[in-house]
Amino acid sequence: MIKCFFVDVKSIKSSLPRANFIESELEQLADLILEVDGLLRPLILQETGAGKYKVIEGHREYYAAVRAKEKNLAKAEMVNAFVIDDSNRKSAIAQLALLSGEPAVNVSDKTDDRLSLKRVESIVEAKISQQLQPILEQLAQHDKILDTLTSAEPLLPVLEAKISQQIQPILDRLTKHDEILDILNSDRSSQTESAATTIEPIPHNQTARSSITSSSIRSGEALPIQPEQTTAPKKTTKSTISKKAATTSDIPLPSIPSDEALAKQPEPEVATPKNTTKSTTRNKIAKTSDIPASPVVSNLEPPKQPEPQELAAVKTSKSIANSKTSSNFLSSIDPTKATNTLNLINTLNQQQLTVSMERSGLKTSVKFIPNLIDYRNSQPDRQIESWEMILDAKYIGLKEAAIKKIIDKLK
(Lines of atoms letter the chains of each structure in order from A; the text may use other names.)
(Lines give C-alpha, C1' and ligand atoms only; values in the text may rest on other atoms or scores of the structure.)
Protein backbone atom coordinates (compact mmCIF):
# COMPACT_ATOMS: atom_id res chain seq x y z
CA MET A 180 0.00 0.00 0.00
CA ILE A 181 1.29 3.48 -0.91
CA LYS A 182 1.09 6.17 1.76
CA CYS A 183 1.72 9.91 1.43
CA PHE A 184 3.63 11.55 4.23
CA PHE A 185 5.54 14.73 5.07
CA VAL A 186 9.06 13.46 5.60
CA ASP A 187 11.97 15.35 7.16
CA VAL A 188 14.42 16.26 4.43
CA LYS A 189 17.47 15.35 6.51
CA SER A 190 16.29 11.72 6.84
CA ILE A 191 16.32 11.18 3.03
CA LYS A 192 19.35 10.01 0.99
CA SER A 193 19.84 9.89 -2.80
CA SER A 194 21.93 7.37 -4.72
CA LEU A 195 22.87 10.01 -7.34
CA PRO A 196 25.41 12.78 -6.66
CA ARG A 197 24.30 16.39 -6.68
CA ALA A 198 26.88 17.17 -9.40
CA ASN A 199 24.67 15.38 -11.92
CA PHE A 200 22.22 18.28 -11.86
CA ILE A 201 22.54 21.90 -12.91
CA GLU A 202 22.72 24.27 -9.98
CA SER A 203 20.69 27.01 -11.66
CA GLU A 204 17.79 24.59 -12.20
CA LEU A 205 17.96 23.46 -8.58
CA GLU A 206 17.91 27.11 -7.44
CA GLN A 207 14.86 27.88 -9.57
CA LEU A 208 12.96 24.80 -8.40
CA ALA A 209 13.80 25.56 -4.73
CA ASP A 210 12.30 29.04 -5.08
CA LEU A 211 9.12 27.54 -6.55
CA ILE A 212 8.87 25.01 -3.69
CA LEU A 213 9.02 27.88 -1.20
CA GLU A 214 6.33 29.79 -3.10
CA VAL A 215 3.76 26.92 -3.18
CA ASP A 216 4.87 25.37 0.16
CA GLY A 217 5.61 21.94 -1.28
CA LEU A 218 6.23 19.74 -4.30
CA LEU A 219 3.53 19.28 -6.93
CA ARG A 220 5.12 15.94 -7.80
CA PRO A 221 5.99 14.28 -4.47
CA LEU A 222 9.11 12.21 -4.00
CA ILE A 223 8.86 8.40 -4.22
CA LEU A 224 10.78 6.92 -1.31
CA GLN A 225 11.57 3.51 0.11
CA GLU A 226 12.06 3.02 3.82
CA THR A 227 15.52 1.65 4.64
CA GLY A 228 15.31 1.72 8.41
CA ALA A 229 13.65 3.38 11.34
CA GLY A 230 12.95 6.90 10.07
CA LYS A 231 15.42 6.53 7.16
CA TYR A 232 14.52 6.69 3.48
CA LYS A 233 16.11 6.55 0.05
CA VAL A 234 14.92 8.12 -3.18
CA ILE A 235 13.53 5.81 -5.86
CA GLU A 236 12.22 8.56 -8.15
CA GLY A 237 12.59 12.34 -7.98
CA HIS A 238 16.28 12.87 -7.35
CA ARG A 239 16.16 16.39 -8.84
CA GLU A 240 13.16 17.28 -6.68
CA TYR A 241 15.00 15.96 -3.61
CA TYR A 242 18.06 18.20 -4.14
CA ALA A 243 15.74 21.15 -4.85
CA ALA A 244 13.98 20.47 -1.52
CA VAL A 245 17.40 20.38 0.22
CA ARG A 246 18.27 23.76 -1.31
CA ALA A 247 14.85 25.18 -0.25
CA LYS A 248 15.52 24.02 3.32
CA GLU A 249 18.92 25.79 3.24
CA LYS A 250 17.16 29.00 2.21
CA ASN A 251 14.18 28.80 4.60
CA LEU A 252 14.25 26.17 7.32
CA ALA A 253 10.80 26.98 8.68
CA LYS A 254 8.94 26.52 5.38
CA ALA A 255 10.94 23.68 3.80
CA GLU A 256 12.00 21.46 6.70
CA MET A 257 9.47 18.77 5.60
CA VAL A 258 8.78 17.57 2.06
CA ASN A 259 5.75 15.60 0.77
CA ALA A 260 6.56 12.09 -0.51
CA PHE A 261 5.07 8.65 -1.26
CA VAL A 262 6.58 5.88 0.83
CA ILE A 263 6.49 2.42 -0.88
CA ASP A 264 6.65 -0.89 0.95
CA ASP A 265 8.95 -3.68 -0.17
CA SER A 266 5.98 -5.75 -1.36
CA ASN A 267 4.76 -3.00 -3.68
CA ARG A 268 8.18 -1.86 -4.93
CA LYS A 269 8.17 -3.72 -8.29
CA SER A 270 4.65 -2.61 -9.12
CA ALA A 271 5.49 0.98 -8.30
CA ILE A 272 8.56 0.91 -10.55
CA ALA A 273 6.53 -0.51 -13.43
CA GLN A 274 3.91 2.18 -12.98
CA LEU A 275 6.56 4.88 -13.00
CA ALA A 276 8.03 3.46 -16.21
CA LEU A 277 4.66 3.58 -17.92
CA LEU A 278 3.99 7.12 -16.75
CA SER A 279 7.39 8.33 -17.93
CA GLY A 280 7.11 6.62 -21.31
CA GLU A 281 9.94 4.17 -20.67
CA PRO A 282 9.63 0.36 -20.79
CA ALA A 283 9.18 -1.34 -17.47
CA VAL A 284 12.38 -2.85 -16.24
CA ASN A 285 12.85 -4.93 -13.14
CA VAL A 286 15.88 -3.23 -11.73
CA SER A 287 17.60 -4.11 -8.50
CA ASP A 288 19.53 -1.82 -6.20
CA LYS A 289 22.82 -2.95 -7.73
CA THR A 290 21.58 -1.97 -11.18
CA ASP A 291 20.73 1.49 -9.92
CA ASP A 292 24.20 1.81 -8.49
CA ARG A 293 25.79 0.76 -11.78
CA LEU A 294 23.71 3.28 -13.71
CA SER A 295 24.70 6.03 -11.33
CA LEU A 296 28.36 5.06 -11.69
CA LYS A 297 28.11 5.18 -15.48
CA ARG A 298 26.55 8.61 -15.30
CA VAL A 299 29.33 9.79 -13.01
CA GLU A 300 31.96 8.39 -15.36
CA SER A 301 30.44 10.14 -18.34
CA ILE A 302 30.33 13.45 -16.45
CA VAL A 303 33.94 13.06 -15.32
CA GLU A 304 35.07 12.24 -18.86
CA ALA A 305 33.29 15.31 -20.21
CA LYS A 306 34.95 17.59 -17.64
CA ILE A 307 38.37 16.07 -18.28
CA SER A 308 37.99 16.56 -22.01
CA GLN A 309 37.00 20.19 -21.47
CA GLN A 310 40.09 20.82 -19.34
CA LEU A 311 42.42 18.99 -21.72
CA GLN A 312 41.16 20.79 -24.82
CA PRO A 313 43.24 24.01 -24.33
CA ILE A 314 46.34 21.91 -23.61
CA LEU A 315 45.86 19.89 -26.78
CA GLU A 316 45.45 23.11 -28.79
CA GLN A 317 48.71 24.51 -27.37
CA LEU A 318 50.54 21.30 -28.23
CA ALA A 319 49.24 21.55 -31.77
CA GLN A 320 50.52 25.14 -32.03
CA HIS A 321 53.96 24.07 -30.75
CA ASP A 322 54.06 21.33 -33.37
CA LYS A 323 53.31 23.87 -36.08
CA ILE A 324 56.08 26.17 -34.84
CA LEU A 325 58.57 23.30 -34.82
CA ASP A 326 57.58 22.39 -38.35
CA THR A 327 58.14 25.97 -39.56
CA LEU A 328 61.53 26.16 -37.82
CA THR A 329 62.73 22.92 -39.35
CA SER A 330 61.57 24.04 -42.76
CA ALA A 331 63.36 27.43 -42.36
CA GLU A 332 66.67 25.93 -41.21
CA PRO A 333 68.19 25.75 -44.73
CA LEU A 334 67.56 29.50 -45.12
CA LEU A 335 69.78 30.48 -42.17
CA PRO A 336 73.10 30.59 -44.11
CA VAL A 337 71.52 32.83 -46.74
CA LEU A 338 70.21 35.23 -44.09
CA GLU A 339 73.61 35.35 -42.35
CA ALA A 340 75.34 36.18 -45.62
CA LYS A 341 72.90 39.03 -46.38
CA ILE A 342 73.26 40.47 -42.89
CA SER A 343 77.07 40.39 -43.08
CA GLN A 344 76.98 42.14 -46.45
CA GLN A 345 74.85 44.97 -45.01
CA ILE A 346 76.93 45.35 -41.85
CA GLN A 347 80.37 45.33 -43.51
CA PRO A 348 80.13 48.87 -45.02
CA ILE A 349 79.13 50.23 -41.61
CA LEU A 350 82.14 48.57 -39.98
CA ASP A 351 84.45 50.02 -42.67
CA ARG A 352 83.09 53.53 -42.00
CA LEU A 353 83.64 53.12 -38.29
CA THR A 354 87.26 52.10 -38.78
CA LYS A 355 87.85 55.13 -41.04
CA HIS A 356 86.33 57.44 -38.44
CA ASP A 357 88.61 55.93 -35.79
CA GLU A 358 91.68 56.51 -37.97
CA ILE A 359 90.66 60.16 -38.58
CA LEU A 360 90.16 60.72 -34.86
CA ASP A 361 93.60 59.27 -34.12
CA ILE A 362 95.20 61.61 -36.67
CA LEU A 363 93.41 64.65 -35.24
CA ASN A 364 94.42 63.74 -31.70
CA SER A 365 98.06 63.32 -32.71
CA ASP A 366 98.03 66.71 -34.51
CA ARG A 367 96.56 68.42 -31.45
CA SER A 368 99.12 66.85 -29.14
CA SER A 369 102.00 67.93 -31.43
CA GLN A 370 100.63 71.49 -31.62
CA THR A 371 100.33 71.61 -27.84
CA GLU A 372 103.93 70.44 -27.41
CA SER A 373 105.26 72.99 -29.92
CA ALA A 374 103.32 75.80 -28.24
CA ALA A 375 104.68 74.73 -24.85
CA THR A 376 108.29 74.83 -26.14
CA THR A 377 107.96 78.37 -27.57
CA ILE A 378 106.80 79.91 -24.28
CA GLU A 379 109.54 82.03 -22.69
CA PRO A 380 109.55 83.02 -19.03
CA ILE A 381 108.74 86.65 -18.19
CA PRO A 382 111.33 88.47 -16.02
CA HIS A 383 110.57 88.95 -12.36
CA ASN A 384 108.07 91.75 -11.51
CA GLN A 385 107.51 92.55 -15.20
CA THR A 386 104.19 92.28 -16.99
CA ALA A 387 103.73 90.38 -20.23
CA ARG A 388 102.85 93.55 -22.14
CA SER A 389 106.01 95.39 -21.06
CA SER A 390 108.17 92.36 -21.87
CA ILE A 391 106.76 92.01 -25.38
CA THR A 392 107.05 95.74 -26.06
CA SER A 393 110.67 95.92 -24.92
CA SER A 394 111.71 92.94 -27.03
CA SER A 395 109.90 94.18 -30.14
CA ILE A 396 111.26 97.78 -30.11
CA ARG A 397 115.01 97.34 -29.83
CA SER A 398 117.37 95.04 -28.08
CA GLY A 399 119.32 96.27 -25.06
CA GLU A 400 116.76 98.96 -24.14
CA ALA A 401 114.84 98.57 -20.87
CA LEU A 402 111.46 100.10 -20.19
CA PRO A 403 110.29 101.17 -16.77
CA ILE A 404 108.49 98.48 -14.85
CA GLN A 405 105.08 99.44 -13.64
CA PRO A 406 103.79 97.44 -10.70
CA GLU A 407 100.58 95.52 -11.34
CA GLN A 408 97.44 97.13 -10.01
CA THR A 409 95.38 94.78 -7.96
CA THR A 410 91.85 95.53 -6.90
CA ALA A 411 91.49 95.50 -3.14
CA PRO A 412 88.79 93.22 -1.73
CA LYS A 413 85.55 94.80 -0.61
CA LYS A 414 86.03 93.66 2.97
CA THR A 415 89.49 93.93 4.51
CA THR A 416 90.57 93.24 8.04
CA LYS A 417 93.03 94.97 10.31
CA SER A 418 95.34 91.95 10.24
CA THR A 419 95.53 91.86 6.43
CA ILE A 420 96.16 95.64 6.22
CA SER A 421 98.99 95.44 8.74
CA LYS A 422 100.48 92.45 6.91
CA LYS A 423 100.41 94.24 3.53
CA ALA A 424 101.97 97.34 5.06
CA ALA A 425 104.76 95.29 6.61
CA THR A 426 105.59 93.42 3.40
CA THR A 427 105.48 96.46 1.08
CA SER A 428 107.60 98.58 3.37
CA ASP A 429 110.46 96.05 3.27
CA ILE A 430 110.73 95.96 -0.58
CA PRO A 431 113.35 98.47 -1.90
CA LEU A 432 112.27 100.74 -4.75
CA PRO A 433 114.41 100.94 -7.91
CA SER A 434 116.41 104.16 -8.42
CA ILE A 435 115.47 106.33 -11.40
CA PRO A 436 118.45 107.91 -13.24
CA SER A 437 118.55 111.61 -13.93
CA ASP A 438 118.05 113.28 -17.33
CA GLU A 439 121.83 113.97 -17.69
CA ALA A 440 122.64 110.26 -17.30
CA LEU A 441 120.03 109.38 -19.88
CA ALA A 442 121.41 111.92 -22.37
CA LYS A 443 124.97 110.53 -22.08
CA GLN A 444 123.86 106.98 -22.96
CA PRO A 445 124.51 106.00 -26.59
CA GLU A 446 121.49 105.03 -28.62
CA PRO A 447 121.54 101.27 -29.26
CA GLU A 448 121.39 99.86 -32.72
CA VAL A 449 118.30 98.05 -33.94
CA ALA A 450 119.02 94.40 -34.70
CA THR A 451 117.34 93.23 -37.92
CA PRO A 452 116.94 89.56 -38.78
CA LYS A 453 118.94 88.18 -41.69
CA ASN A 454 115.99 87.02 -43.75
CA THR A 455 114.03 90.30 -43.55
CA THR A 456 113.91 93.02 -46.21
CA LYS A 457 114.27 96.77 -45.92
CA SER A 458 110.52 97.29 -46.29
CA THR A 459 109.72 95.03 -43.35
CA THR A 460 112.36 96.85 -41.27
CA ARG A 461 110.80 100.22 -42.12
CA ASN A 462 107.34 98.90 -41.21
CA LYS A 463 108.60 97.77 -37.84
CA ILE A 464 110.27 101.12 -37.16
CA ALA A 465 107.05 102.93 -38.15
CA LYS A 466 105.00 100.74 -35.79
CA THR A 467 107.36 101.28 -32.90
CA SER A 468 107.27 105.05 -33.39
CA ASP A 469 103.57 105.03 -32.46
CA ILE A 470 104.34 103.74 -28.96
CA PRO A 471 104.40 106.61 -26.44
CA ALA A 472 107.80 107.46 -25.13
CA SER A 473 108.59 106.63 -21.53
CA PRO A 474 111.68 107.18 -19.40
CA VAL A 475 114.24 104.45 -19.90
CA VAL A 476 115.94 102.84 -16.96
CA SER A 477 119.22 101.10 -17.61
CA ASN A 478 120.79 98.39 -15.55
CA LEU A 479 117.52 97.78 -13.70
CA GLU A 480 117.83 95.25 -10.92
CA PRO A 481 114.85 93.13 -9.79
CA PRO A 482 113.27 94.26 -6.55
CA LYS A 483 114.71 92.72 -3.43
CA GLN A 484 112.60 89.99 -1.88
CA PRO A 485 112.00 90.15 1.86
CA GLU A 486 114.36 88.05 3.92
CA PRO A 487 113.04 85.00 5.82
CA GLN A 488 113.82 86.77 9.10
CA GLU A 489 111.61 89.70 8.09
CA LEU A 490 108.73 87.35 7.13
CA ALA A 491 109.12 85.57 10.45
CA ALA A 492 108.89 88.90 12.26
CA VAL A 493 105.66 89.75 10.40
CA LYS A 494 104.16 86.36 11.26
CA THR A 495 105.22 86.72 14.88
CA SER A 496 103.54 90.13 15.16
CA LYS A 497 100.38 88.68 13.58
CA SER A 498 100.29 85.73 15.99
CA ILE A 499 100.83 88.12 18.95
CA ALA A 500 97.85 90.22 17.80
CA ASN A 501 95.70 87.10 17.39
CA SER A 502 96.70 85.78 20.80
CA LYS A 503 95.73 89.12 22.44
CA THR A 504 92.32 88.98 20.76
CA SER A 505 91.80 85.31 21.58
CA SER A 506 92.58 85.91 25.22
CA ASN A 507 89.50 88.15 25.37
CA PHE A 508 87.29 86.38 22.82
CA LEU A 509 87.82 82.66 23.63
CA SER A 510 88.87 82.92 27.26
CA SER A 511 85.82 80.98 28.50
CA ILE A 512 85.90 78.26 25.76
CA ASP A 513 87.85 75.03 25.69
CA PRO A 514 90.65 75.54 23.07
CA THR A 515 90.47 71.88 22.00
CA LYS A 516 86.75 72.19 21.32
CA ALA A 517 87.29 75.42 19.38
CA THR A 518 90.01 73.77 17.26
CA ASN A 519 87.84 70.72 16.52
CA THR A 520 84.88 72.89 15.49
CA LEU A 521 87.10 74.98 13.20
CA ASN A 522 88.38 71.77 11.59
CA LEU A 523 84.77 70.77 10.89
CA ILE A 524 84.09 74.10 9.18
CA ASN A 525 87.27 73.71 7.09
CA THR A 526 86.35 70.13 6.10
CA LEU A 527 82.60 69.99 5.42
CA ASN A 528 80.95 71.35 2.29
CA GLN A 529 77.99 73.73 2.36
CA GLN A 530 75.31 71.02 2.36
CA GLN A 531 77.00 68.91 5.02
CA LEU A 532 77.60 71.96 7.23
CA THR A 533 73.93 72.97 6.88
CA VAL A 534 72.76 69.50 7.97
CA SER A 535 75.18 69.47 10.93
CA MET A 536 74.01 72.88 12.15
CA GLU A 537 70.33 71.95 11.86
CA ARG A 538 70.92 68.72 13.78
CA SER A 539 72.88 70.61 16.45
CA GLY A 540 70.05 73.12 17.02
CA LEU A 541 71.81 76.01 15.25
CA LYS A 542 69.07 76.87 12.74
CA THR A 543 69.54 80.61 13.30
CA SER A 544 73.17 80.34 12.15
CA VAL A 545 72.39 78.46 8.91
CA LYS A 546 71.91 81.75 7.02
CA PHE A 547 75.59 82.64 7.59
CA ILE A 548 76.90 79.44 5.94
CA PRO A 549 77.13 80.71 2.30
CA ASN A 550 79.26 83.75 3.32
CA LEU A 551 81.36 81.53 5.60
CA ILE A 552 82.06 79.03 2.79
CA ASP A 553 82.94 81.87 0.36
CA TYR A 554 85.36 83.33 2.89
CA ARG A 555 86.95 79.92 3.46
CA ASN A 556 87.43 79.33 -0.28
CA SER A 557 89.14 82.71 -0.64
CA GLN A 558 91.83 81.81 1.91
CA PRO A 559 95.18 80.15 1.05
CA ASP A 560 94.72 76.37 0.80
CA ARG A 561 91.02 77.09 1.46
CA GLN A 562 91.57 76.91 5.22
CA ILE A 563 90.59 79.42 7.93
CA GLU A 564 93.44 79.73 10.42
CA SER A 565 91.55 81.07 13.47
CA TRP A 566 88.16 82.11 14.80
CA GLU A 567 89.43 85.69 15.01
CA MET A 568 89.59 85.79 11.20
CA ILE A 569 85.90 84.84 11.06
CA LEU A 570 85.05 87.53 13.60
CA ASP A 571 87.07 90.18 11.71
CA ALA A 572 85.37 89.32 8.39
CA LYS A 573 82.34 91.52 9.00
CA TYR A 574 80.52 90.52 5.79
CA ILE A 575 80.09 86.99 7.15
CA GLY A 576 77.78 88.41 9.80
CA LEU A 577 78.79 86.19 12.74
CA LYS A 578 79.28 87.89 16.08
CA GLU A 579 80.98 86.68 19.27
CA ALA A 580 77.82 85.25 20.82
CA ALA A 581 76.91 83.29 17.67
CA ILE A 582 80.48 81.99 17.27
CA LYS A 583 80.60 80.81 20.88
CA LYS A 584 77.28 79.05 20.39
CA ILE A 585 78.57 77.31 17.26
CA ILE A 586 81.74 76.16 19.04
CA ASP A 587 79.68 74.86 21.96
CA LYS A 588 76.99 72.96 20.01
CA LEU A 589 78.24 72.04 16.50
CA LYS A 590 78.85 68.31 16.12
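Residue numbering for the sequence shown follows our numbering, beginning at 180 and increasing consecutively. Even for Gly, the Cβ is constructed at its ideal location relative to N, Cα and C. Quick caveat, the model's predicted, so the values are computed rather than measured.
Counting along the chain, Val262 sits inside the beta strand (DSSP E) bounded by residues 257-263.
According to the DSSP secondary-structure assignment, Val186 is paired through a beta bridge with Val258. About 16 Å separates the beta carbons of Ala209 and Ala260, which is beyond the 8 Å limit, so they are not a contact pair.
For Thr543, no beta strand (DSSP E) segment is defined, and its DSSP state is neither H nor E.
Listed in chain order, the non-local C-beta contacts of Gln562 below 8 Å within the same chain comprise Asn525, Arg555, local neighbours out to five positions each way being set aside.
Here Leu224 is bridged, per DSSP, to Val234, Val262. DSSP places Lys590 outside both helix and strand once states are collapsed to three, so it counts as coil. Boundaries of the alpha helix (DSSP H) harbouring Leu523: 514-526, taken from the DSSP string. In this model, Pro559 and Lys584 are separated by some 26 Å (Cα to Cα). Annotation for Ile548: the continuous alpha helix (DSSP H) segment containing it runs 548-556. Listed in chain order, the non-local C-beta contacts of Leu205 below 6 Å within the same chain comprise Tyr242, Ala243, Arg246, local neighbours out to five positions each way being set aside.
With a contact defined as Cβ atoms closer than 8 Å, Leu275 and Ile223 qualify at about 7 Å.
Distance between Ile346 and Thr354, taken at the CA atoms: about 13 Å. For Ile191, the pairing in a beta bridge is given by DSSP as Tyr232.
Annotation for Lys341: no residue places its beta carbon closer than 8 Å to its own, counting only its chain and skipping 5 residues before and after. Going by C-alpha positions, Leu311 is about 41 Å away from Val258. Cα atoms of Gln225 and His238: separation of roughly 13 Å, rounded to the nearest angstrom.
With distances taken between CA atoms, Leu551 lies nearest to Lys573 out of Leu213, Glu256, Ile191, Lys573.
Sorting Asp571, Asn522, Leu589 by C-alpha distance to the C-alpha of Arg538 places Leu589 at the top. Sequence-distant partners of Phe200 (beyond 5 residues in either direction) whose C-beta falls short of 8 Å from its own C-beta, in its chain, are His238, Arg239, Tyr242. When the beta-carbon positions are compared, Leu213 and Asn251 come within less than 8 Å of each other. Here Tyr232 really is in contact with Val262; their C-beta atoms are around 7 Å apart, less than 8 Å. Pro333 sits in a helix when the DSSP states are folded into three classes. With a threshold of 16 other beta carbon atoms within 10 Å, Glu236 meets it and is buried. Shown here, Leu570 sits in a helix according to DSSP, grouped into three states. Per DSSP, reduced to three states, the secondary structure at Leu532 is helical. Per DSSP, Glu214 is one residue of the alpha helix (DSSP H) stretching across 202-215.
The criterion of a C-beta distance shorter than 8 Å is not satisfied by Lys542 and Ile586. DSSP, read as helix, strand or coil, puts Ile563 in coil. In the assembly as shown, Glu304 is an exposed residue. Its beta-carbon has fewer than 16 other beta-carbons within 10 Å. Here Ser308 carries a helix assignment [DSSP, helix/strand/coil].
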